[in-house]
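Comments concern the structure below.
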Amino acid sequence: RMLKLGSRESTQLRSSALYALASLSGMLEESRKAVADAGALPVIVDLLKSDVGELRLASLACVRSLSRSVKILKTALAQAEISDPLYQLVSDPSEQIQEMATAAICNIVLEFSSLKEIILQKGGIRRFAELSYSTTKSLRLNAVWALKNIVYDADPPVRGLHTSDLTKQHVIHSIPNLFSILLWLDPKQIKLEVMKELTYPRLAFLIRSDEEEIREIALSLLRNLAFSRRDEPHEQEVAAIFSGFGRAGLLEILQGRTPEFLPC
Numbered sequence: 128r129m130l131k132l133g134s135r136e137s138t139q140l141r142s143s144a145l146y147a148l149a150s151l152s153g154m155l156e157e158s159r160k161a162v163a164d165a166g167a168l169p170v171i172v173d174l175l176k177s178d179v180g181e182l183r184l185a186s187l188a189c190v191r192s193l194s195r196s197v198k199i200l201k202t203a204l205a206q207a208e209i210s211d212p213l214y215q216l217v218s219d220p221s222e223q224i225q226e227m228a229t230a231a232i233c234n235i236v237l238e239f240s241s242l243k244e245i246i247l248q249k250g251g252i253r254r255f256a257e258l259s260y261s262t263t264k265s266l267r268l269n270a271v272w273a274l275k276n277i278v279y280d281a282d283p284p285v286r287g288l289h290t291s292d293l294t295k296q297h298v299i300h301s302i303p304n305l306f307s308i309l310l311w312l313d314p315k316q317i318k319l320e321v322m323k324e325l326t327y328p329r330l331a332f333l334i335r336s337d338e339e340e341i342r343e344i345a346l347s348l349l350r351n352l353a354f355s356r357r358d359e360p361h362e363q364e365v366a367a368i369f370s371g372f373g374r375a376g377l378l379e380i381l382q383g384r385t386p387e388f389l390p391c
């Protein structure tokens, strides 16, 4: 009820209510389910579009907490059409709001989320690669974390369906989402697109960062680039990494030394 108050004087009350919901749903699945079942999500999504920065930030805190639930990611958040307003906040004038938005998106681009495809279609890969150059550590960390999650298990979204099973009807229905169908037909395309935007020199620079958290997530990104849960061997993924870094450059990274090609 407090979330629906409309007066200017209610801003603090509404933001306090949002932070309370975020706190309650931060750790317990039962609490996240209660928030979703109470019908709060449409109001939270509307507040993501608010002209008041405090309300945008507080509603993002709710989204971040709720997105920790696999079930809510697959159902309530997807049904609430949250992708558009959430992604717009990645470029918000407030750096604090950008930080919270990227943190929420880290959960939304996991492999089981139907929202991942929408974020990619909107140019998420390029935007996160850009944010990896941010002078703010938290934004750099969230951007690399998002890319790490994007490339994890980057298989086709419909398992068990081979490209030979595609009919003319499949293709016709997919024409409006050409980027999506390309990723579907070639699961390696996501990894190629990520490294086209991020670049191997930049990844190597992040791996050799003075900041331990950045190093850890950058190394996890490298691991996910090489890893695949598909039955086929990983030779292509590994070969792409060798090609990107060069054999000497990759060995220097694995040995903890800085490759010579790092002007980033």
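Going from the sequence shown to our numbering is simple: count from 1 and add 127. A virtual CB, placed ideally from N, CA and C, is assigned to each residue, including glycine.
field: Residue closest to I329, alpha-carbon to alpha-carbon, out of I317, L319 and A345
entry: It is Arg, not Ile, that sits at residue 329 in the sequence shown. Residue A345 is the option with its Cα nearest to R329.
- prompt: Would E226 be called buried (16 or more neighbouring beta carbons within 10 Å of its own) or exposed?
  reply: buried
message: Short of 7 angstroms in beta carbon distance, which residues of its chain neighbour L148, apart from the five on each side in sequence? Order them along the chain.
response: V162, A167 and C189
- prompt: Does the beta-carbon of M154 have 16 or more other beta-carbons within 10 angstroms, so that it is buried, or is it exposed?
  reply: exposed
- prompt: What's the call for P220, buried or exposed, on a 16-neighbour Cβ count within 10 Å?
  reply: Exposed: under 16 other Cβ atoms inside 10 Å.
- request: Work out the CA separation of S137 and K315 for me, nearest whole Å.
  value: Rounded to whole angstroms, K315 and S137 show a C-alpha spacing of 49 angstroms.
- prompt: For the alpha helix (DSSP H) that contains F332, what are its first and last residues?
  reply: Y327 to I334 is the span of the alpha helix (DSSP H), which, as asked, contains F332.
message: Using the three-state DSSP reduction, which class does F354 fall into: helix, strand or coil?
response: coil
message: Let's see if you can read the secondary structure: which residues bound the alpha helix (DSSP H) around M227?
response: Counted as a single uninterrupted DSSP element, the alpha helix (DSSP H) harbouring M227 occupies residues E222 to I235.
field: I317 in three-state terms, based on DSSP
entry: helix
- prompt: Since Y279 contacts I246 with CB under 8 angstroms, what's their CB separation in whole angstroms?
  reply: The Cβ separation is near 14 angstroms, so there is no contact.
task: Starting from A149, follow the alpha helix (DSSP H) in both directions and report where the run begins and ends.
output: T138 to L151
field: DSSP-derived helix/strand/coil call for D337
entry: coil
query: With respect to the alpha helix (DSSP H) encompassing E181, which residues constitute its N-terminal and C-terminal limits?
result: G180 to L193
task: Please name the residue in E320, K323 and I380 whose C-alpha comes closest to that of R342.
output: I380
- prompt: Can you list, in chain order, the residues of its chain whose CB lies under 8 angstroms from that of L274, leaving out five sequence neighbours each side?
  reply: I252, F255, A256, S259, V321, L325 and L348
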